[in-house]
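Structure first, commentary second.
Chains as they are written, first to last, in my numbering: chain A, 149 to 375; chain B, 14 to 412.
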């Protein structure tokens with residue numbers, strides 16, 4: 149479904165002797181429907197950069213990202229944005245709320261950006277599944293880090309995307325919520341056929357992956373999980 | 014919601030930030046509109062005065078300027094009178110190059126039992142007058158009859174009322190259009206009425222006689238023939254008619270015109286400085302606002318908003334702020350200028366005539382449009398900078 153082909157991202161740094169630096173180097177990766185791919189690795193190993201390139205958010209220096217037969221970065225910006233809205237659910241690291249909207253409005257936003265009214269019942273169902281339905285009318289400024297994270301997950305799931313790309317989705321969560329979120333993401337893959345990529349440091353996530361990758365200094369090392 | 018209601022929500026739910034941007038643009042709009050109205054009013058005032066005078070030369074008694082400033086009579090409505098023998102009129106008419114010579118006679122009423130109000134009374138000869146008569150004709154074309162008067166717009170008496178002047182009752186038949194000059198506080202009558210008022214004033218002890226038995230006039234307004242040299246005619250009048258001073262009308266108002274030009278230049282410079290400053294401040298303010306919200310904008314991109322959509326979102330916010338600020342600024346300037354026209358006129362000592370409603374609307378519309386454009390320019394600059402950045406880079410930066 150989603151395929152990275154020889155993907156690289158290089159930056160120029162003004163320190164040291166070697167000022168050309170690769171955050172991601174020659175990565176080939178394929179995400180298939182029903183699969184939960186875990187991407188682990190040290191900080192700065194290139195995991196987030198790879199996720200952003202897969203999501204069409206960061207133009208790679210080299211290589212291509214294919215969604216089925218479509219080369220993402222060959223698309224005009226408007227088409228790529230539309231595609232991202234309809235087919236991708238991205239959960240970025242850190243805060244990702246639109247501060248002037250309520251929790252419910254944030255969750256409905258991807259659908260409304262498509263010009264749809266937004267399925268409120270469906271949005272509330274996801275908020276409930278993540279334990280924050282009572283915060284539907286709260287503003288992001290009133291929420292804790294963990295609650296904001298769950299709001300971002302609900303927003304990604306409520307948009308009913310084909311591909312879920314989650315960057316440290318359990319970063320601010322306690323054990324109970326971590327398990328709930330990981331279960332939901334796995335269920336989305338296994339039962340609904342979504343392709344899921346989880347960037348994580350969390351060892352608790354390992355049992356939920358169907359495939360595990362490790363990033364080392366920009367290079368991708370793969371290993372299979374037992375599912 | 015789409016993205017269409019997002020700008021409004023963003024503005025309403027961040028009232029402090031929105032108020033700061035609106036106030037900033039309001040300051041810009043208020044300075045432009047207020048300054049333009051004042052300068053425009055001064056220009057209208059001077060044009061109106063020149064149109065009302067319409068004369069090339071004014072002939073008056075030699076001692077007139079020492080008794081009362083003729084210019085102040087015209088500009089500020091100072092009352093006063095001076096007289097010369099009516100025979101001067103024939104001498105002026107006989108001068109080479111003179112096309113029309115129209116007399117006027119002045120009389121200052123008293124603020125006493127004899128008179129309803131203290132005003133300058135100006136007698137004209139309707140048969141030859143080319144300065145005041147066309148102005149009166151706009152409101153009362155029948156011609157002023159015996160004991161009929163036309164009053165300037167600032168005289169409190171209305172049409173149909175009776176005005177008592179030196180125990181004589183006159184009937185107000187017309188209220189004249191505003192000129193923004195001292196002419197607005199004067200009362201106008203024909204020469205027969207003026208003779209009766211002069212006699213009544215004499216009876217009250219207000220002397221106007223210069224020699225027993227002669228008729229008097231106060232000034233002669235001269236229009237020269239086409240092709241005649243105004244300076245030469247003026248010089249001839251001064252050299253050949255005794256006890257009078259002939260003054261070129263334009264030179265009388267040269268200093269007024271100079272003051273006006275100075276004020277207009279200063280106002281333009283001030284408005285220019287405010288615009289330049291406001292543009293820089295708006296650019297910085299919008300750039301800061303967008304920098305502060307760059308993560309939020311990156312999230313919108315992540316959720317599927319295109320570069321173009323993001324620019325539209327930012328421009329919609331700046332346009333709404335600009336529109337609100339422009340309307341507020343025009344409103345505040347209107348409240349700060351229109352109720353105080355008399356005060357401004359008095360303080361400046363210059364003819365001041367507020368432009369007509371159409372001109373004011375055009376000025377207000379132009380101000381709103383210009384302010385909106387400045388706001389959009391500032392927003393477009395900041396939006397263009399933001400849309401060039403990959404959202405992934407911004408998300409990483411703030412994570």
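By construction, the Cβ of each residue, glycine as well, lies at the ideal position given by its N, Cα and C atoms.
Assigned with DSSP and collapsed to three states, residue 202 of chain B falls in strand. Put simply, the backbone Cα of residue 342 of chain A is about 21 Å away from that of residue 266 of chain A. DSSP, read as helix, strand or coil, puts residue 246 of chain A in coil. Apart from the 5 residues on each side of it in sequence, residue 387 of chain B sits with its Cβ closer than 8 Å to the Cβ of 38, 41, 288, 291, 292, 295 and 335 in its chain, given in chain order. For residue 240 of chain A, the residues of chain B that pass the 8 Å Cβ criterion are 312, 315, 408 and 412, in the order they occur in the chain. Only those residues of the region 285-314 of chain B whose C-beta falls short of 9 Å from the nearest C-beta of chain A are listed: 306, 308, 309, 311, 312, 313 and 314.
With fewer than 16 other Cβ atoms from the protein chains shown falling within 10 Å of its own Cβ, residue 297 of chain B counts as exposed. Setting aside the 5 residues that flank it on each side, residue 74 of chain B is surrounded in the same chain by 95, 96, 97, 256 and 257, each with a C-beta closer than 7 Å to its C-beta; the list follows chain order.
Judged by their CB atoms, residue 271 of chain A and residue 256 of chain A are nearer to each other than the 8 Å cut-off.
The DSSP-derived three-state label of residue 286 of chain A is coil. Residue contact check for residue 404 of chain B against chain A: a CB pair falls below 8 Å.
With the criterion set as a beta carbon lying under 7 Å from some beta carbon of chain B, the members of the region 220-236 of chain A are 225, 226, 229, 230, 232 and 233, in sequence order. 8 Å or more divides the Cβ of residue 145 of chain B from the Cβ of residue 200 of chain B. Secondary structure note for residue 183 of chain B: its beta strand (DSSP E) is the uninterrupted segment 181-188. Shown here, residue 46 of chain B sits in a helix according to DSSP, grouped into three states. Here residue 258 of chain A is buried: its Cβ has 16 or more other Cβ atoms, across all protein chains shown, within 10 Å.
Here residue 299 of chain B has 331, 391, 392 and 395 as same chain residues with Cβ atoms under 7 Å from its own Cβ, once five neighbours each way along the sequence are excluded.
Look at residue 112 of chain B here: in three-state DSSP terms it is strand. Cβ neighbours of residue 283 of chain A within its own chain (closer than 7 Å, five residues either side excluded): 251, 291 and 295.
The distance from the Cβ of residue 179 of chain A to that of residue 405 of chain B is about 18 Å, inconsistent with a contact at the 8 Å cut-off. For the region 123-168 of chain B, the continuous beta strand (DSSP E) assignments of 3+ residues that do not extend past its boundaries occur at 133-137 and 161-164, in sequence order.
Looking at B:112, B:408 and B:366, the one whose alpha-carbon comes closest to that of residue 310 of chain B is B:408.
Measuring C-alpha to C-alpha distances from residue 283 of chain B to each of B:44, B:198, B:135 and B:29 identifies B:44 as the nearest.
The closest CA to that of residue 244 of chain A, considering only B:147, B:140 and B:308, is found on B:308.
In this structure, the CA atom of residue 108 of chain B is about 27 Å from the CA atom of residue 120 of chain B. With a minimum length of 3 residues, the unbroken runs of beta strand (DSSP E) contained wholly in the region 260-338 of chain A fall at 311-315.
Across the structure, residue 316 of chain A and residue 355 of chain A are spaced so that their CA atoms are roughly 16 Å apart. By a beta-carbon distance limit of 8 Å, residue 381 of chain B contacts residue 339 of chain B. Their separation comes to about 4 Å.
No Cβ of chain A is located within less than 8 Å of the beta carbon of residue 398 of chain B.
At a cut-off of 8 Å, the C-beta of residue 161 of chain A has no neighbouring C-beta in chain B. Per DSSP, the continuous alpha helix (DSSP H) segment holding residue 202 of chain A begins and ends at 195-202.
In the assembly as shown, residue 353 of chain B is an exposed residue. Its beta-carbon has fewer than 16 other beta-carbons within 10 Å. Under the 10 Å beta carbon count, residue 200 of chain A is surrounded by 16 or more other beta carbons and is classified as buried. In the same chain as residue 245 of chain B, and ignoring 5 residues on each side of it, the C-beta atoms closer than 8 Å to its own belong to 110, in chain order. Assignment of residue 321 of chain B by DSSP, reduced to helix, strand and coil, places it in the helix class. Short of 8 Å from the beta carbon of residue 323 of chain B, and not among the five residues preceding or following it, lie these beta carbons of its own chain, in chain order: 310, 313, 314, 396, 399 and 400.
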